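Numbering (mature numbering (1 follows the signal peptide of the UniProt record, and there is no 0)), first residue to last: -20 to -1, 1 to 363. The beta-carbon is built from N, C-alpha and C at its ideal position, and this holds for glycine as well. Being a predicted model, the structure only gives us computed values, none of them experimental. Taking it in order: structure first as structure tokens, then the write-up.
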Ligand SMILES: *[C@@H]1O[C@H](CO)[C@@H](O)[C@H](O)[C@H]1NC(C)=O
Ligand SMILES: *[C@@H]1O[C@H](CO)[C@@H](O)[C@H](O)[C@H]1NC(C)=O
């Protein structure tokens, strides 16, 4: 069944594919009220802006000296800590930069070179002074590296080969100390495969079925012994499977029309909030309150849009029903909405603009980051 595509259509498609990765963002909160947002600008530099509790700093996005070939991935293992990793455009190496609460390490200009075997990079922290990093090699295998508190494992530019043959990039999650779960879409079966680390050894890869899936699958957890897996099938429907501590449940179909797996967060045990970018470019929301899916098993609420980026959804702090939702719109403006616990602000379909991420604002130095932003931070207990 051959379909003939027109040249203008193909050019539009190629342009969209080429620019797609520019329009990405990562967000993390190291503790209330702080939020850090990073992305890759059209000139491939990594941009950064953060919320102090009073305002967003710097007023214009700061540019970390970088030429990134991938979206930056960011995580935090505690108050004041940020870890940012991306793939360097010229060398293909994974670069690691961190913020220790006072300074950028190893320096504002320099990064730690973790080697160049991966085509994507994602980072996660399950505890203080711990960082786990996954990526995929060009032959379809997944690779892993960790910061164990005193050094990288494996050391230097080496990576641990986790095997497998995948068409998607890996996604890493953890339900607690010393536990890792990695999922991907198999290049051979188009179903979801899973591998875990339980403190001493890696499991074998297990085929959890489902699919055929597209995009990058997502794994999340609301607590010990619980794992939720999310993947979008070829019809664009969100599929869900979970480990309840005893057995696997699902796959269940939750509706939607997505090309990439939505973002999923748990602000508390038993709670699930999901935001995805629907085929019309708008963000759509669905929640699980512990008993029921709202608005329904396959229904979704419409939020703001249209966006060019996928959504980024983070919780303010554990145990509080407060969400931050970020996206980059079709004019390169980063936008934010918050769920205050009982309503969307400024409203379900409106957002606050955080500025144009495509404008080149070269930063020689990390201007207001350490000084102004840090000192004005109230501690969590003052709020
Ligand atoms: C795939 O690539 C990785 C990293 O470059 C390498 O360690 C591994 O041996 C390769 N696997 C195969 C089957 O070629
Ligand atoms: C991975 O799967 C693809 C698709 O089935 C296949 O063409 C390729 O040879 C596989 N690669 C390896 C290293 O087995």
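Cβ neighbours of residue i in the same chain (closer than 8 Å, five flanking residues each side left out)
i, result
"residue 283", "255, 262, 263, 264, 265, 305, 317, 324, 328, 329"
"residue 144", "120, 121, 122, 164, 166, 173, 175, 185"
"residue 57", "63, 105, 107, 108, 109, 110, 111"
"residue 291", "242, 243, 255, 256, 257, 263, 305, 306, 307"
"residue 10", "16, 56, 58, 59, 60, 61, 62"
"residue 8", "15, 16, 54, 55, 56, 62, 294"
"residue 49", "24, 66, 67, 68, 69, 72"
"residue 267", "251, 252, 253, 254, 273, 274"
"residue 146", "116, 120, 121, 122, 164, 165, 166, 167, 173"
"residue 170", "147, 191, 192, 193"
Pairwise C-alpha distance: residue j and residue i
i, j, result
"residue 112", "residue 85", "18 Å"
"residue 5", "residue 209", "22 Å"
"residue 188", "residue 117", "22 Å"
"residue 139", "residue 303", "35 Å"
"residue 275", "residue 269", "11 Å"
"residue 235", "residue 326", "27 Å"
"residue 278", "residue 137", "45 Å"
"residue 92", "residue 272", "46 Å"
"residue 296", "residue 130", "30 Å"
"residue 287", "residue 315", "9 Å"
"residue 114", "residue 180", "18 Å"
"residue 68", "residue 88", "16 Å"
"residue 77", "residue 65", "6 Å"
"residue 311", "residue 23", "15 Å"
"residue 97", "residue 151", "17 Å"
"residue 298", "residue 320", "14 Å"
"residue 39", "residue 53", "22 Å"
"residue 414", "residue 35", "Shown here, the chain extends from -20 to 363; a query on residue 414 therefore has no answer."
"residue 158", "residue 94", "22 Å"
"residue 32", "residue 332", "16 Å"
"residue 322", "residue 285", "21 Å"
"residue 198", "residue 148", "11 Å"
"residue 335", "residue 281", "26 Å"
"residue -2", "residue 29", "With a pLDDT of 42 at residue -2, under the threshold of 50, the predicted position of this residue should be treated as unreliable, and no value is reported."
Spatial neighbours of residue i in its chain, beta-carbon cut-off 6 Å, leaving aside the 5 residues before and after
i, result
"residue 237", "216, 258, 259"
"residue 231", "190, 219, 221"
"residue 240", "195, 290"
"residue 45", "89"
"residue 161", "153, 176, 199, 207"
Proximity test, residue i beta-carbon vs ligand 2 heavy atom, cut-off 7 Å
i, result
"residue 97", "no"
"residue 164", "no"
"residue 116", "no"
"residue 168", "yes"
"residue 272", "no"
"residue 145", "yes"
Residue i: CB within 7 Å of a non-hydrogen atom of ligand 1
i, result
"residue 142", "no"
"residue 314", "no"
"residue 241", "no"
"residue 135", "no"
"residue 24", "no"
"residue 293", "no"
"residue 119", "yes"
"residue 123", "yes"
One or two residues paired with residue i in a DSSP bridge
i, result
"residue 83", "Residue 83 pairs with nothing; no bridge assigned."
"residue 281", "265"
"residue 103", "113"
"residue 333", "315"
"residue 8", "16"
"residue 77", "64"
"residue 272", "Beta-bridge pairing links residue 272 to no other residue."
"residue 198", "210"
Cβ neighbours of residue i in the same chain (closer than 7 Å, five flanking residues each side left out)
i, result
"residue 214", "192, 194"
"residue 141", "121, 123"
"residue 155", "201, 203, 204, 205, 206, 207"
"residue 224", "206"
"residue 134", "125, 140"
"residue 81", "60, 61"
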